[in-house]
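Peer 1: Numbers in our numbering are just positions in the sequence shown, counted from 1, shifted up by 6. Ideal placement from N, C-alpha and C gives every residue a C-beta, glycine not left out. Keep in mind it's a predicted model, so treat the numbers as computed, not measured.
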Amino acid sequence: MKILLRKVTKTPLDFEVESEETNFKGYLQYHAGNLILLKANLSGFVDTECSQCGQTIKLPLDEELEFFISDGLFDGDERIELDVIESFDSVADLDEILHSELELIKSDYFSCENCQNS
Ligand SMILES: [Zn+2]
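(1) Contact defined as beta carbons within less than 8 Å: I believe S49 pairs with D68. What is the distance between those atoms, to the nearest angstrom?
(2) From the DSSP output, which residues share a beta bridge with E22?
(3) How would you write the range of the beta strand (DSSP E) that L79 sits in, first residue to last?
(4) Taking three-plus beta-carbon pairs below 8 Å as touching, is the region 15-32 in contact with the region 92-112?
(5) To the nearest angstrom, report how far apart N120 and S25 are at their CA atoms.
(6) Return yes when the C-beta of D120 is under 6 Å from any heavy atom of ligand 1, and no when it is not.
(7) Find out if the Cβ-Cβ distance for the pair V90, K8 is shorter than 7 Å.
(8) Taking the alpha carbon of E72 as the point to measure from, which residue in Q35, N40, A46 and F80 has its own alpha carbon closest?
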């Protein structure tokens with residue numbers, strides 16, 4: 007799902023993306039300058055591996071995401087408290103954002119129950 011950033015206004019624009027066992031739901035809202043706020047909840051499950059034995063772990067997800075998408079190069083002078091993702095094609099690619107968030111979560115270390123108990 008792709009959303010044109012210039013179509014995002016002060017009125018929150020709801021979106022929902024589903025991928026396998028995950029659900030990514032939230033809204034986009036114009037902030038200021040060339041910044042668009044993304045606020046969303048990531049829920050469901052993602053498969054990852056035990057970092058010790060390699061067994062598949064089904065990881066429950068419940069993440070609140072909040073960051074800005076910059077339409078073009080971000081002018082870092084603005085004082086903001088959130089992370090900024092730059093978009094150079096004026097599009098919020100929500101599938102891509104979901105994918106990279108999942109990869110980020112999976113890059114952490116996890117232990118399966120067997121390894122935790124031994
Ligand atoms: Zn293990």
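Peer 2: Let's see:
(1) In the sequence shown, residue 49 corresponds to position 43, counting from 1. In the sequence shown, residue 68 corresponds to position 62, counting from 1. 6 Å between Cβ atoms; contact.
(2) To locate residue 22, count along the sequence shown from 1; it is residue 16. Per DSSP, K31.
(3) Your numbering for residue 79 matches position 73 in the sequence shown. Here L79 belongs to no beta strand (DSSP E), and DSSP marks it neither H nor E.
(4) yes
(5) On the sequence shown, position 114 is the one that residue 120 refers to. On the sequence shown, position 19 is the one that residue 25 refers to. Using only the alpha carbons, I get a separation of about 29 Å.
(6) Numbered from its first residue, the sequence shown carries residue 120 at position 114. In the sequence as displayed, the identity of residue 120 is Asn instead of Asp. Correct: N120 has its Cβ closer than 6 Å to ligand 1.
(7) For this step, residue 90 is matched to residue 84 along the sequence shown. For this step, residue 8 is matched to residue 2 along the sequence shown. Against a cut-off of 7 Å, the Cβ pair of K8 and V90 comes out as no contact.
(8) Counting from one through the sequence shown, the residue named residue 72 turns up at place 66. Of the listed residues, the one whose Cα sits closest to E72 is A46.
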